[in-house]
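Novice: Residue numbering for the sequence shown follows our numbering, beginning at 49 and increasing consecutively.
For reference, the structure I am asking about is given below.
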Amino acid sequence: MRILVTGGAGFVGSALCRHLVGEKGISVLNVDKLAYATKPSSLEPIANNPNYRFLKADICERAVMDQALFQFSPNAIIHLAARNNLNRSLGGVDTFINANIVGTYTVLEAARGYWSGLGGAAKDAFRFLQASTDEVYGSLGWDGLFTEQTAYEPSTPYAASKAASDHLVMAWHRTYGFPALISNCCNNYGPYQFPAEPLPSMILNAVDGRPLTIHGDGSYARDWLHVDDHARALLTILEKGQVGERYNVGGRNEHTDLDLAIRICEILNIRYPDKPSHGLLITSVEDPPGKDQRRGIDATKLEHELQWRAQESFESGLEATIDWYLANRDWWEPLRRNARDGRQISPKHDEASSKTSRFEAPCSMDAS
């Protein structure tokens with residue numbers, strides 16, 4: 049099997065590539081522009097694997113996508129490439145419109161052209177999976193869960209851009225018969241997550257003795273899923289899912305921000321028994337605009353129809369994630385420092401990028 053993954057250098061994308069190549073032996077072409085919140089060293093475990101190829105390219109470049117598809121000849125595409133930081137979506141909205149809507153349109157059209165040229169069994173077997181978010185649903189009340197029938201009510205520009213891209217995917221299926229599916233996943237956690245994201249930010253602030261901030265009274269609630277379970281879910285949906293369907297992906301681990309902060313502090317208190325209680329660092333800050341009060345996923349369809357189950361418990365997964373960050377300061381500290389300074393680490397200066405397998409293509413792109 050050959051799968052083209054867009055956005056495979058990001059947090060979820062790199063976990064997916066590690067799963068596909070390292071655990072399943074699947075041939076993967078990872079197309080990623082290496083923008084904000086990516087660091088190629090997250091792919092170091094598979095960088096020298098002959099089944100892994102990397103192409104540094106922008107998904108908005110149609111000619112590049114056409115040639116990548118023609119040369120790699122994938123059986124499937126998993127589309128993860130997106131800009132996904134909520135705080136940034138409140139500012140430079142044009143970036144989100146371009147990456148998440150125009151980018152998805154470009155990938156869809158390139159994929160449709162490629163698929164149309166396939167014949168027989170290869171055309172019948174081809175699949176396109178859009179990896180999306182539960183943020184498209186908006187906010188829940190104090191009870192109930194999001195199902196696949198929940199109407200889209202996005203609260204932020206980012207969520208709206210993802211909702212729009214989901215609608216494009218379904219429109220391509222309904223209009224052209226394009227064999228597409230959609231997954232909508234809850235919050236993820238695990239190793240290699242960009243340090244400015246909420247959960248690693250809590251961990252690292254507490255480790256460094258900085259205020260561990262929560263919004264308002266800490267009652268905002270989210271469902272949490274380990275990123276490796278998300279990677280397994282994506283492959284399950286791709287292989288077993290029904291074309292034209294969407295599947296919610298969740299961990300059945302709903303926690304408030306305050307509960308999450310307390311759990312992190314309790315683990316760090318055990319790791320650093322001689323330090324003052326980390327719970328003293330928990331600090332309330334002003335609520336951000338557009339933040340959903342509660343999001344929770346009903347993953348019954350995925351669990352019952354496709355027999356997928358999350359393998360990592362939240363308790364053991366959170367503890368392992370904290371231990372990973374404690375052991376890998378050299379990975380996250382430069383990213384965190386540059387994020388605070390408003391700078392991005394150049395992939396050219398990331399030693400792991402030189403270890404990444406090349407995908408040679410005779411067109412104007414930077415393959416690293």
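Note that CB positions come from ideal geometry on N, CA and C, so glycine has one too.
As the structure is a prediction and not an experimental result, all values here were calculated from the model.
Give me, in chain order, the residues of the same chain whose beta-carbon lies closer than 6 angstroms to that of Cys108; leave out the 5 immediate sequence neighbours on both sides.
Specialist: If we look at Cys108 and ignore the five residues flanking it on each side, its Cβ neighbours are Val150, Gly151, Thr154.
Novice: Taking its Cβ as the centre, do 16 or more other Cβ atoms sit within 10 Å of Asn253, making it buried, or is it exposed?
Specialist: Per the 10 Å Cβ criterion, buried.
Novice: So, does the segment 236 to 243 touch the segment 205 to 225, judging by three or more C-beta pairs under 8 angstroms?
Specialist: They do not touch, by the three-pair rule.
Novice: Count the other CB atoms within 10 Å of the CB of Phe226; is the residue buried (16 or more) or exposed (fewer)?
Specialist: Counting Cβ neighbours within 10 Å, Phe226 comes out buried, since at least 16 surround it.
Novice: Three-state secondary structure (DSSP) at Gln290?
Specialist: The answer is coil: DSSP assigns Gln290 none of H, G, I, E or B.
Novice: Count the other CB atoms, across all protein chains shown, that sit within 10 Å of the CB of Arg319; report buried if there are 16 or more and exposed otherwise.
Specialist: With fewer than 16 Cβ atoms within 10 Å of its Cβ, Arg319 is classed as exposed.
Novice: Here's a check: name, in chain order, each residue in its chain whose Cβ is nearer than 6 angstroms to the Cβ of Glu201, leaving out the five neighbours to either side.
Specialist: Closer than 6 angstroms at the Cβ level, and outside the excluded window around Glu201, lie Gly186.
Novice: Use the C-beta contact count for Ser137: other C-beta atoms within 10 angstroms, 16 or more gives buried, fewer gives exposed.
Specialist: Residue placement at Ser137 is flagged as unreliable, the pLDDT there being 48, under the threshold of 50; the coordinate-derived value follows with that caveat. Its Cβ being crowded by 16 or more others within 10 Å, Ser137 is buried.
Novice: Pull up the CB-CB distance for Ile126 and Val53, whole angstroms please, since I reckon it's below 8 angstroms.
Specialist: Between Val53 and Ile126 the Cβ distance is about 5 angstroms, and since that is below 8 angstroms, they are a contact.
Novice: What's the call for Gly58, buried or exposed, on a 16-neighbour Cβ count within 10 Å?
Specialist: Gly58 comes out buried.
Novice: State the Cα-Cα distance for the pair Ala170 and Ser364, rounded to the nearest angstrom.
Specialist: Looking at the two C-alpha atoms, the distance is approximately 41 angstroms.
Novice: My output table needs one value for Tyr240: the three-state DSSP class, helix, strand or coil.
Specialist: Looking at Tyr240 - three-state DSSP - the assignment turns out to be coil, as it is neither helix nor strand.
Novice: Determine, using beta carbons only, whether Gly347 and Arg300 come nearer to each other than 8 angstroms.
Specialist: In the sequence as displayed, the identity of residue 347 is Ala instead of Gly. Yes, Cβ-Cβ distance for Ala347 and Arg300 is below 8 angstroms.
Novice: Grab me the residues of Ala208's own chain with a C-beta within less than 7 angstroms of its C-beta, minus the 5 sequence neighbours each way, in chain order.
Specialist: Contacts found: Pro202.
Novice: Evaluate Ser62 with the Cβ neighbour count: other Cβ atoms within 10 Å of its Cβ, from every protein chain shown; 16 or more gives buried, anything less gives exposed.
Specialist: Ser62 is buried by the Cβ-count criterion.
Novice: Rounded to whole angstroms, what's the CA-CA distance from Leu128 to Val333? Just pull it up for me.
Specialist: Between Leu128 and Val333, the C-alpha separation is close to 31 angstroms.
Novice: Can you tell me whether DSSP reads Thr195 as helix, strand or coil?
Specialist: Coil at Thr195, not helix or strand.
Novice: Spell out the partners DSSP gives Val297 in its beta bridges.
Specialist: In the DSSP output, where bridge partners are listed per residue, Val297 has Cys233.
Novice: Opposite Leu260 in the DSSP bridges: which residues?
Specialist: Paired residues: Ile330.
Novice: Looking only at its chain, what residues have a beta carbon closer than 8 angstroms to the beta carbon of Arg110, apart from the 5 residues adjacent to it on each side?
Specialist: Only Thr154, Glu157, Ala158 meet the Cβ criterion.
Novice: Enumerate in chain order the residues of its own chain whose CB-to-CB distance from Thr86 is below 7 angstroms, with the five nearest sequence positions on each side excluded.
Specialist: Cβ within range, chain order: Ala57, Gly58, Asp80.
Novice: By Cβ distance, which residues of its chain are closer than 6 angstroms to Ser402, with the 5 residues on each side in sequence left out?
Specialist: Note that Ser402 scores 34 on pLDDT, short of 50, meaning its location in the model is unreliable and no value can be drawn from it.
Novice: Taking its Cβ as the centre, do 16 or more other Cβ atoms sit within 10 Å of Gln178, making it buried, or is it exposed?
Specialist: Buried, since its Cβ has 16 or more Cβ neighbours within 10 Å.
Novice: With 16 as the cutoff for other CB atoms within 10 Å, does Leu64 come out buried or exposed?
Specialist: By the neighbour-count rule (16 or more Cβ atoms within 10 Å), Leu64 is buried.
Novice: If you drop the 5 nearest sequence neighbours on each side, which residues of the same chain put their C-beta closer than 7 angstroms to that of Phe144?
Specialist: Closer than 7 angstroms at the Cβ level, and outside the excluded window around Phe144, lie Arg131, Ser137, Pro205, Tyr206, Ser209.
Novice: Let's see if you can read the secondary structure: which residues bound the beta strand (DSSP E) around Thr369?
Specialist: No beta strand (DSSP E) holds Thr369; the alpha helix (DSSP H) holding it covers 362 to 375.
Novice: For Ile370 versus Ile312, is the C-beta spacing smaller than 8 angstroms?
Specialist: Contact: yes.
Novice: Taking a contact to mean a Cβ-Cβ separation below 8 angstroms, would you say His67 touches Arg280 in this structure?
Specialist: Yes, the pair counts as a contact, with Cβ atoms nearer than the cut-off.
Novice: Give the C-beta separation of Ile51 and Ala124 to the nearest angstrom, bearing in mind that I take them to be a contact with Cβ-Cβ under 8 angstroms.
Specialist: Yes, they are in contact, since the Cβ atoms of Ile51 and Ala124 sit about 5 angstroms apart, within 8 angstroms.
Novice: Drop a sphere of 10 angstroms on the beta-carbon of Arg343, count the other beta-carbons inside from all chains shown, and report buried for 16 or more, exposed for fewer.
Specialist: Buried is the call here.
Novice: Report the CB separation of Ala116 from Phe176 in whole angstroms; it is logged as a contact under 8 angstroms.
Specialist: Contact flag wrong, Cβ pair sits at about 14 angstroms.
Novice: Please state whether DSSP places Ala228 in a helix, a strand or coil.
Specialist: Here Ala228 sits in strand by DSSP.
Novice: Cutting at 6 angstroms between CB atoms, please list the residues of its own chain near Leu316, excluding the five before and the five after it.
Specialist: Cβ neighbours of Leu316 beyond the five flanking positions: Ala254, His326.
Novice: Once DSSP output is grouped into helix, strand and coil, what is the label at Glu302?
Specialist: Strand, per DSSP.
Novice: Pick helix, strand or coil for Ile107, following the three-state DSSP scheme.
Specialist: It is coil, neither helix nor strand.
Novice: Cα-Cα, which of Ala147, Asn235, Cys233, Tyr224 is closest to Trp163?
Specialist: Of Ala147, Asn235, Cys233, Tyr224, the residue nearest in Cα terms is Tyr224.
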